Every structure is written in C-alpha cells, then in structure tokens.
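Each residue of the sequence shown is one higher than the one before, starting from 1 at the first, in full-length UniProt numbering. Glycine included, C-beta positions come from ideal geometry on N, C-alpha and C. Every value quoted in this text rests on a predicted model; they were computed, and no experiment measured them.
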Amino acid sequence: MTMDSRRLEVFSFVYSERSFSKAAQALCLTQPTVSAHISELEQYLGTRLFDRLPRKIVPTAAARTLYTYTQQIQGLLKEAEASVWALENRIVGQLLLGGSTIPAEYLLPDLLGRFVQRYPEVRLDLQVGDSRTITEAVRTGELEAGVVGGRYSESELAYSPYIKDELLVLAGRHTDVAKSGPLSMDQLSRLPWVLREPGSGTRRALRHALKRSGLRLEDLSVRAVLGSTGALLRAVRGGVGVTVSSRLAAAGMLDRGELVHMPVPEFVSERDFELVVHRGRSQSPILQRFIACVARSGEDNAHE
Numbered sequence: 001m002t003m004d005s006r007r008l009e010v011f012s013f014v015y016s017e018r019s020f021s022k023a024a025q026a027l028c029l030t031q032p033t034v035s036a037h038i039s040e041l042e043q044y045l046g047t048r049l050f051d052r053l054p055r056k057i058v059p060t061a062a063a064r065t066l067y068t069y070t071q072q073i074q075g076l077l078k079e080a081e082a083s084v085w086a087l088e089n090r091i092v093g094q095l096l097l098g099g100s101t102i103p104a105e106y107l108l109p110d111l112l113g114r115f116v117q118r119y120p121e122v123r124l125d126l127q128v129g130d131s132r133t134i135t136e137a138v139r140t141g142e143l144e145a146g147v148v149g150g151r152y153s154e155s156e157l158a159y160s161p162y163i164k165d166e167l168l169v170l171a172g173r174h175t176d177v178a179k180s181g182p183l184s185m186d187q188l189s190r191l192p193w194v195l196r197e198p199g200s201g202t203r204r205a206l207r208h209a210l211k212r213s214g215l216r217l218e219d220l221s222v223r224a225v226l227g228s229t230g231a232l233l234r235a236v237r238g239g240v241g242v243t244v245s246s247r248l249a250a251a252g253m254l255d256r257g258e259l260v261h262m263p264v265p266e267f268v269s270e271r272d273f274e275l276v277v278h279r280g281r282s283q284s285p286i287l288q289r290f291i292a293c294v295a296r297s298g299e300d301n302a303h304e
C-alpha cells in the first residue's frame with residue numbers, strides 16, 4: 001500500500017469537511033469506502049490521523065502536517081497537468097478563486113467573463129466570503145488567489161493593487177437625517193447604524209477611518225449587523241439606520257435616488273481592492289494568466 005493521489009484526495013476532503021459522510025458525498029463515494037481509505041493511510045503511516053469523538057472527528061497533529069504536504073502535492077499535480085496542456089498552446093484546467101463581497105458581486109463577474117472568453121477551456125470556481133476568510137483560504141492553499149478589501153496577513157502573502165474604492169456615509173432617501181445636510185463626526189456617532197459583520201473589509205476600513213477622527217467603532221449606536229453588502233444597503237434604504245459602504249456597491253441606488261450620500265467633512269476613507277496570492281507556492285499557467293488579466297484591468301480602470 002502506498003500514499004497514492006486518490007487516498008490523499010480522500011484524506012484532504014475529510015480534513016477540510018471534518019466529516020466522513022460529507023467527504024463521501026462530495027467525492028461521490030460511500031462512507032465505508034472513505035473510512036477504508038483513511039484507515040489504510042493510518043496503517044501505512046503508523047499513526048492516527050483523526051480522533052473519532054461523538055458526533056465529530058478531530059484532526060491530530062499528524063493530520064495537520066500531512067494536510068500541509070497534501071495541499072502542496074495536489075498543487076504540483078495541477079501545475080503538471082496544466083503545464084503539459086500548455087505545451088499544446090492550450091490553457092485548460094481549473095482555477096480556485098475567492099472574492100470578498102464587493103469584488104465578488106460588483107467587480108469580478110465582468111473580469112471573469114472576459115477571462116473565460118479568452119480561455120474557454122478554463123473552469124473558474126469563485127468562493128465568496130469576507131476579506132479575512134478569503135485571505136486565510138489563500139494562505140492555507142484552499143484558494144489559489146483572491147480579491148479582497150483589506151490586508152490580514154502579509155508574511156506569507158503577496159498583494160498587488162487592482163482598483164481603488166471610496167467609502168461613503170449613506171442614509172435612506174426618506175429618513176430625517178438625509179435632509180439634515182453636512183454632519184459632524186459627533187453627530188454621526190449618535191445616529192443608529194447598520195454595519196457589516198466582523199471580518200468584513202468594509203467594517204475594518206470604517207474602524208480605521210473612525211480612529212483617525214478619535215472615535216471607536218464601539219462608540220457607534222449599532223442597530224443591525226448584516227452579512228452582505230446588498231442586505232446592508234437595502235436595510236439603509238428602508239430606514240433602519242445609516243451606514244458606510246463602497247461607492248462601487250452603492251452606485252445603482254445612489255443613481256436611482258434611493259440612497260443619499262451624507263457629507264461628513266472629517267470622514268475621508270479610500271481603500272484598495274487587491275489581488276492576493278501565496279508567496280511560496282508555484283503558480284499554474286492559468287493563475288499566471290489570471291494575474292496578468294487583473295493587472296491589465298486595474299491599469300484600464302486607473303486611466304478611466
């Protein structure tokens with residue numbers, strides 16, 4: 001018995017899902033088959049990989065070490081496959097991408113559309129999450145690249161600029177505050193707020209902007225915390241409270257007059273959406289071309 005690629009693939013799914021049954025479902029295998037693969041690996045390595053507890057399994061230290069190498073092995077296999085295809089001047093394979101909420105909803109769809117038109121044999125898988133989650137997935141190798149609105153780890157990761165964005169203070173059109181004119185930071189802090197969830201790049205940018213004015217996020221009167229930008233903007237439109245959000249995300253509602261940009265002279269906040277990749281991992285031909293596509297798109301946006 002050896003540690004062949006199939007057993008390592010099964011192990012990788014069990015590790016990431018923390019479940020034999022979920023791994024079996026994802027791989028279209030029976031649960032006994034998955035259990036047999038793991039048992040054979042444990043027998044070969046002479047150590048337990050998962051502690052079987054009531055209603056859950058917990059990876060051991062050996063499993064964590066093996067998972068790190070498994071991710072590298074699977075990456076090399078994908079790179080080898082793509083490189084062989086590239087010899088025929090074909091870009092074929094899969095690209096695992098992540099995007100925080102605003103890039104995934106407002107920026108990446110057009111970019112990915114242009115990319116697959118140019119490389120029609122590429123399959124793109126896009127995971128959507130907050131900036132912290134996407135960054136961590138790139139760091140651990142679950143994703144090959146991500147577009148995020150905040151830096152959460154820099155020692156292992158490389159960032160490159162994509163597009164600039166501006167955060168705006170917004171209120172619903174029919175609310176009293178929308179008719180009040182320019183606000184001071186003190187007035188702003190006493191209004192009811194709608195915020196994104198912890199881990200969101202927007203929330204982090206707001207925290208930094210408030211800090212520059214001597215305020216803390218904890219000083220705000222928070223009425224609601226929502227997990228998506230679309231839900232947040234609709235809540236503000238409905239009068240739940242004020243918020244800070246991306247100009248890119250709010251553009252449609254601002255143009256239709258559903259939201260009002262509230263001038264706050266002391267509040268200035270710009271940020272970069274950036275492409276993040278792992279410094280130490282080899283890049284497949286597909287990823288290399290995607291990075292070049294992002295760079296060209298960023299240059300085009302900068303000149304508009």
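Straight-line spacing of the CA atoms in Gln43 and Lys56 works out to 21 Å. Taken in chain order, the unbroken stretches of alpha helix (DSSP H) that lie wholly in the segment 159 to 215 and span 4 residues or more are 185 to 189 and 201 to 212.
Here Arg123 has Gly93, Gln94 and Leu95 as same chain residues with Cβ atoms under 8 Å from its own Cβ, once five neighbours each way along the sequence are excluded. Taking a C-beta distance under 9 Å as the contact criterion, Gly280 and Ala249 do not qualify as a contact pair. In the structure shown, Phe13 falls within a helical segment according to DSSP collapsed to helix, strand and coil.
For Val222, the closest alpha carbon among the candidates Pro54, Arg196 and Ser284 is that of Arg196.
Counting along the chain, Val236 sits inside the alpha helix (DSSP H) bounded by residues Thr229 to Arg237. In the DSSP assignment, Ala26 falls within the unbroken alpha helix (DSSP H) covering Phe20 to Leu27.
The beta carbon of Thr175 is closer than 6 Å to those of Gly239 in its chain, skipping five residues each way along the sequence.
Straight-line measurement puts the Cα of Pro265 at about 14 Å from the Cα of Ser180.
In this structure, Leu259 is the residue among Arg247, Leu259 and Gly252 with its C-alpha nearest to the C-alpha of Gly241. Beta-bridge annotation (DSSP): Ser246 is paired with Leu167. Restricting attention to Val177, Arg132, Leu233 and Ala82, the CA atom closest to the CA of Gln288 is found in Ala82.
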